[in-house]
Ligand SMILES: Cc1ncc(C[n+]2csc(CCOP(=O)(O)OP(=O)(O)O)c2C)c(N)n1
Ligand SMILES: [Mg+2]
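Numbering (this note's numbering), first residue to last: 2 to 694.
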């Protein structure tokens, strides 16, 4: 497969032509192209022929690559300009991507044959073995000096055949947390992660804020710099694991958990080997109890290295997660009366489709009582986009008419500045924490707040509301009206593939991506997908970026989704800004190392459109609105993102012409499915600072 072929950024540009014709560029030695790429870095390095390739001269900077996305803003050197005007030559055949066997495996520990009896000698041995015994399949890891006892325990466990979690090396903590997030959002099961002391934790905080606001359970752990100074001061014997490196002093925190405590459900420091079992079981039970969320344990090195041989432990968890909260029967009855008697009910949700059961409960209620459903900024889809009660993505139109609003697991059901429920309307909130008590400010009107897991609470509400419902005739009349409304919303909002626009728009890109989806495709969306264009019928197939909006989530989450659902195709749609936030080299490394092929589609507008959109909505007639190139939004010259993935053996292509898009998407998806390797499609959208979506 020719992975080197790329679309020129501007018509008439061809980087390879320029390279060959540049008067100053020395051609690389024949046959030496990509030589380094075809050799495993540290295995067969010695086998490289001694007639080493001369490095290509630095002035062979590809001209196509230096041109701005949509206009000649940057000054282009005259030689390059001349070269750019030369007619294209045939592209030389590119070398294949390196085929280095991945070192890690995506299979969970549980799928491996029966393990040898587990006999932990140290707290670190026990920590790893008990994680596996509690169903933790993966340990997302980014190590440092604090890991020594864990590394030693893992090596020992492997040698002795213990059952251990599978290590997933994540070269940046933020993408690692996003991966754990992606795994849990698909399976509902928390995994564990371990990072390097406070600095690794600091790198992960963005992802943990996302996980926290999305109620995603993760057992997040970090080493703690050794507590003891190695006996030097007193002249005594050093504890195993004591400080032996200069960084161990500066890395100490007064309160390591403090830097992110407000986004954790619980945090604790392991203080003695005897606590290992209790701490793991308590951490997991709390993370898995509703409302779910990440928990944090710090692990000092001496404690990890300490003796466990005389400790007792159980084969199974000793602490069960708490049962979900259940709504007060009187409040439920009151809500049922309101819902049953409503003339114009409206259901608004963001996370209602979190599980198959909650999706079913929403569908059942909406279908039988003929309640229109709006997914507002959804992170999950509860209803098929084609369902007659699916009324689109913006609540403000129906909100004006609604007399009863049912807000289901939704932190922000509307934007007060854009519209409010009418006076006299009743608003019922449902969810494990219907007041979102951990949010500092949230003033949406609340007449009744039903605390409870979504599925059972809605089922009970639905049954009770049916008994109090308006007449069947009224419900059927409402069904007719809502069905027509739902169809109109779809018909009006969808443009589809025809006609092909003059340049690629975000909406048209979404319509093209939609064509790729089938019932076994998962779409992970970090900002750009225009949902109106999507046809997604099954729950569990769409995941939108977390409500906290910490960018850099999508790529890692897509890898985590693929790890969790290896039989599914995973497509990740993201902006050019989001791609850069996502630690792409780390993501592409993990994709190759773990054999987790994902198709990444970049909606590249060479800017942070959202930043400018926000300025325009705040100062519609301000100075910035009149600027051709408003400050703080440019990402030009746009990087040639398609090159990055090739460093990890993936297919990288760029398209800027509408006619090229669908074939390029199909080719990239075929590559992901058949070659089982990742691909990046860098889609250059029309670039205009004035248009914001
Ligand atoms: C970690 C983080 N930093 C900054 C932001 C603010 N922010 C929100 S959207 C956005 C721009 C995203 O750019 P891109 O992915 O290219 O999407 P576009 O807005 O161009 O459609 C930024 C910077 C954020 N949400 N998260
Ligand atoms: Mg952008």
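Here a beta-carbon is modelled for each residue, glycine too, at the ideal position from N, C-alpha and C.
Could you tell me which uninterrupted alpha helix (DSSP H) segments, each at least 4 residues in length, are contained entirely in the segment 303-361, listed from first to last along the chain? 330-342, all fully within the segment 303-361.
Which one or two residues does DSSP pair with residue 142 in a beta bridge? The beta-bridge partner set that DSSP reports for residue 142 consists of 170 and 195.
Inter-stretch contact at 8 Å, needing at least 3 Cβ pairs: the segment 551-567 / the segment 181-191: Flag = yes, the segment 551-567 and the segment 181-191 touch.
Own chain residues within Cβ distance below 8 Å of residue 539, not counting five before or after: Take residue 539, set aside five residues on each side of it, and the residues of its chain with a beta-carbon closer than 8 Å to its own are 385 and 520, in chain order.
In this structure, how does DSSP classify residue 546 when only helix, strand and coil are distinguished? Three-state result, residue 546: coil.
Reduced DSSP category for residue 482 - H, G, I as helix; E, B as strand; rest coil: Correct three-state label for residue 482: helix.
Select from 438, 637, 338 and 452 the residue whose C-alpha is nearest the C-alpha of residue 468. Distance from the Cα of residue 468 is smallest, within the candidate group 438, 637, 338 and 452, for 338.
Quick check: does the Cβ of residue 552 come within less than 6 Å of any heavy atom belonging to ligand 1? Proximity of the beta carbon of residue 552 to ligand 1 is indicated: a heavy atom of the ligand is located closer than 6 Å.
Note down, in chain order, each residue of its chain lying with its Cβ closer than 6 Å to the Cβ of residue 212, except the 5 sequence neighbours on either side. These residues qualify, in order along the chain: 182, 219 and 295.
On the three-pair Cβ rule with 8 Å, is the segment 353-363 touching the segment 416-424? The segment 353-363 makes no contact with the segment 416-424: fewer than 3 CB pairs, one atom from each, lie closer than 8 Å.
Residue 534 burial status per 10 Å Cβ neighbour count (16 or more: buried): With at least 16 other beta carbons inside 10 angstroms of its own, residue 534 counts as buried.
Scan the segment 468-523 and note each continuous beta strand (DSSP E) run of 3 residues or more that stays entirely inside, going in chain order. Whole beta strand (DSSP E) segments, 3+ residues: zero.
Between residue 396 and ligand 1, is the CB less than 6 Å from at least one heavy atom? Distances between the C-beta of residue 396 and the heavy atoms of ligand 1 are all 6 Å or more.
What number of angstroms, rounded off, separates the C-alpha of residue 397 from the C-alpha of residue 370? Their backbone Cα atoms lie some 21 Å apart in a straight line.
Would you say the beta carbon of residue 609 comes nearer than 6 Å to a heavy atom of ligand 1? At least one heavy atom of ligand 1 is nearer than 6 Å to the Cβ of residue 609, so yes.
Is residue 606 near ligand 2, with its Cβ less than 6 Å from a heavy atom? Yes, the Cβ of residue 606 comes within 6 Å of a heavy atom of ligand 2.
Residue 407, DSSP secondary structure in three states: The answer is strand: DSSP assigns residue 407 an E or B state.
Spatial neighbours of residue 292 in its chain, beta-carbon cut-off 7 Å, leaving aside the 5 residues before and after: Closer than 7 Å at Cβ, skipping near neighbours: 216, 433 and 434.
For residue 244, collect the residues of the same chain with a Cβ closer than 8 Å to its Cβ; drop the 5 residues on either side in sequence, then sort them by chain order. Cβ neighbours of residue 244 beyond the five flanking positions: 226, 227, 229, 230, 231 and 250.
What runs of the beta strand (DSSP E), each 3 residues or longer, lie entirely inside the segment 580-626? Listed in chain order, the beta strand (DSSP E) runs fully inside the segment 580-626 are 600-605, counting runs of at least 3 residues.
Thinking C-beta only, is residue 588 closer than 7 Å to residue 176? Going by C-beta atoms, residue 176 is nearer than 7 Å to residue 588.
Within 6 Å: the Cβ of residue 177 and any heavy atom of ligand 1? Residue 177 has its Cβ no nearer than 6 Å to any heavy atom of ligand 1.
My output table needs one value for residue 674: the three-state DSSP class, helix, strand or coil. Here residue 674 sits in helix by DSSP.
At the level of alpha carbons, what is the spacing between residue 629 and residue 623? The straight-line gap from Cα to Cα measures roughly 13 Å.
Taking the CB atoms as reference points, tell me whether residue 400 and residue 422 lie closer together than 7 Å. Yes.
Report the rounded CA-to-CA distance for residue 127 versus residue 278, giving the unit in angstroms. Put simply, the backbone Cα of residue 127 is about 8 Å away from that of residue 278.
Residue nearest to residue 440 in terms of C-alpha spacing, selected from 406, 634, 549 and 626: Of the candidates 406, 634, 549 and 626, the one whose C-alpha sits nearest the C-alpha of residue 440 is 549.
C-beta contact flag for residue 463 and residue 532 at 7 Å: No; because the gap between Cβ atoms is not below 7 Å, this pair is not in contact.
I need the straight-line Cα distance from residue 325 to residue 437, nearest angstrom please. Using only the alpha carbons, I get a separation of about 16 Å.
Near residue 336, which residues of its chain fall below 7 Å by C-beta distance, leaving aside the five closest residues on each side in sequence? Result list for residue 336: 429, 449, 451 and 462, in chain order.
Taking residue 332 as the reference, which of 465, 505, 274 and 377 has the closest Cα? Comparing Cα-Cα distances from residue 332 to each of 465, 505, 274 and 377, the minimum goes to 465.
Measuring alpha carbon to alpha carbon, tell me which residue in 287, 606 and 590 is nearest residue 576. The shortest C-alpha separation from residue 576 is found at 606.
Residues near residue 131 in its chain [Cβ-Cβ closer than 7 Å; skip 5 each side]: Cβ contact annotation for residue 131 (same chain, cutoff 7 Å, sequence separation greater than five): 277, 278, 281 and 314, in chain order.
Could you give the DSSP three-state label for residue 577: helix, strand or coil? Helix, per DSSP.
Any heavy atom of ligand 2 within a distance shorter than 6 Å of the CB on residue 576? For ligand 2, at least one heavy atom lies less than 6 Å from the Cβ of residue 576.
Residue range of the beta strand (DSSP E) that includes residue 225: 220-225 is the span of the beta strand (DSSP E), which, as asked, contains residue 225.
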